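**Student:** Numbering (my numbering), first residue to last: 14 to 211.
Ideal Cβ positions, reconstructed from N, Cα and C, are used throughout, including at glycine.
Here the structure is a predicted model, which is why all the values come from computation and not from measurement.
To start, I am sharing the structure in question, which I have written as structure tokens.
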């Protein structure tokens, strides 16, 4: 977990690559949180995406547009369907595994919910190495409405709205060359506090 994001890694993603992804995400989260809390931007997600692009992430259009079904239903089924529609069933399978693990680990779940409720949003990011130095991932971002700002929001039946999902490619090699040391130095304390391995 990185802040309000549950990051799922395929087995082929090594520790070094995981740390690069987590560091870039945390940097973008912190920068976004700062400008949103100071009222400098209205849409935090768009600013977050711009920060990620600056750090070497490229977004592509989803395979299928997401049209939320406004009926109450299982949140997990809905979000896993969206992840699958964006990048394929393998990505939704690894996301399900992470969500099942998170549900069983109460301290981790409480921490994830706390960060998500503070930011009124959460993210899921299943990640896979596609070629050396590059990681493909689904950036699933859901904004929580006021009624949903309660513990257990992931595992309840509710209407799912405020969702954005896209396939993203992260150039981890470029990130490391241009930003790695500077970003890690700036985030040393935050990396210890906001990154939690399941």
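Short check: CB of residue 159 to CB of residue 88, under 8 Å?
**Tutor:** Along the chain shown, one-based indexing puts residue 159 at 146. Along the chain shown, one-based indexing puts residue 88 at 75. No, Cβ-Cβ distance for residue 159 and residue 88 is not below 8 Å.
**Student:** Given this structure, state the Cα-to-Cα distance separating residue 64 from residue 151, to the nearest angstrom.
**Tutor:** Here residue 64 refers to the residue found at position 51 when the chain shown is read from its first residue. Here residue 151 refers to the residue found at position 138 when the chain shown is read from its first residue. One C-alpha to the other measures close to 16 Å.
**Student:** Rounded to the nearest angstrom, how far is the Cβ of residue 92 from that of residue 137, given a contact under 8 Å?
**Tutor:** Here residue 92 is taken as the residue at index 79 of the chain shown, counted from 1. Here residue 137 is taken as the residue at index 124 of the chain shown, counted from 1. Sure, about 7 Å apart at Cβ, within 8 Å.
**Student:** Given a cut-off of 8 Å on the beta-carbon distance, is the pair residue 60 and residue 45 in contact?
**Tutor:** The sequence position of residue 60 within the chain shown is 47, counting from 1. The sequence position of residue 45 within the chain shown is 32, counting from 1. Cβ atoms of residue 60 and residue 45: closer than 8 Å.
**Student:** Alpha carbon to alpha carbon, how far is residue 198 from residue 11? Give it in angstroms, no decimals.
**Tutor:** Given a span of 14 to 211 for the chain in the structure shown, any question on residue 11 remains unanswerable.
**Student:** Considering only their Cβ atoms, is the gap separating residue 40 from residue 19 smaller than 8 Å?
**Tutor:** Position 6 of the chain shown, counted from the first residue, corresponds to residue 19. Position 27 of the chain shown, counted from the first residue, corresponds to residue 40. Going by C-beta atoms, residue 19 is not nearer than 8 Å to residue 40.
**Student:** Decide if residue 185 is buried, meaning its Cβ has at least 16 other Cβ atoms within 10 Å, or exposed.
**Tutor:** For the purposes of this step, residue 185 is identified with residue 172 of the chain shown, where counting begins at 1. Burial state of residue 185 is buried, judged by a 10 Å Cβ sphere holding 16 or more other Cβ atoms.
**Student:** Need the endpoints of the alpha helix (DSSP H) that residue 30 sits in, please.
**Tutor:** As a position in the chain shown, residue 30 is number 17, starting the count at 1. Counting along the chain, the alpha helix (DSSP H) containing residue 30 begins and ends at 28 to 50.
**Student:** Among 176, 50, 57, 114, which has the Cα closest to the Cα of residue 94?
**Tutor:** One-based indexing of the chain shown puts residue 94 at position 81. The shortest Cα separation from residue 94 among 176, 50, 57, 114 belongs to 176.
**Student:** In three-state DSSP terms, what is residue 196?
**Tutor:** In the chain shown, counting from the first residue as 1, residue 196 sits at position 183. Residue 196: helix per DSSP, three-state reduction.
**Student:** Look at the alpha carbon of residue 122 and the alpha carbon of residue 115, and state the distance between them as a whole number of angstroms.
**Tutor:** As a position in the chain shown, residue 122 is number 109, starting the count at 1. As a position in the chain shown, residue 115 is number 102, starting the count at 1. Approximately 6 Å between the Cα atoms of the pair.
**Student:** So for residue 65, helix, strand or coil by DSSP?
**Tutor:** Position 52 of the chain shown holds residue 65. Helix.
**Student:** By how many angstroms is the C-alpha of residue 140 removed from the C-alpha of residue 32?
**Tutor:** In the chain shown, the residue the question calls residue 32 occupies position 19. In the chain shown, the residue the question calls residue 140 occupies position 127. The straight-line gap from Cα to Cα measures roughly 12 Å.
**Student:** Where do the N-terminal and C-terminal ends of the alpha helix (DSSP H) with residue 24 fall, by residue?
**Tutor:** The sequence position of residue 24 within the chain shown is 11, counting from 1. Counting along the chain, no alpha helix (DSSP H) covers residue 24, and no H or E run does either.
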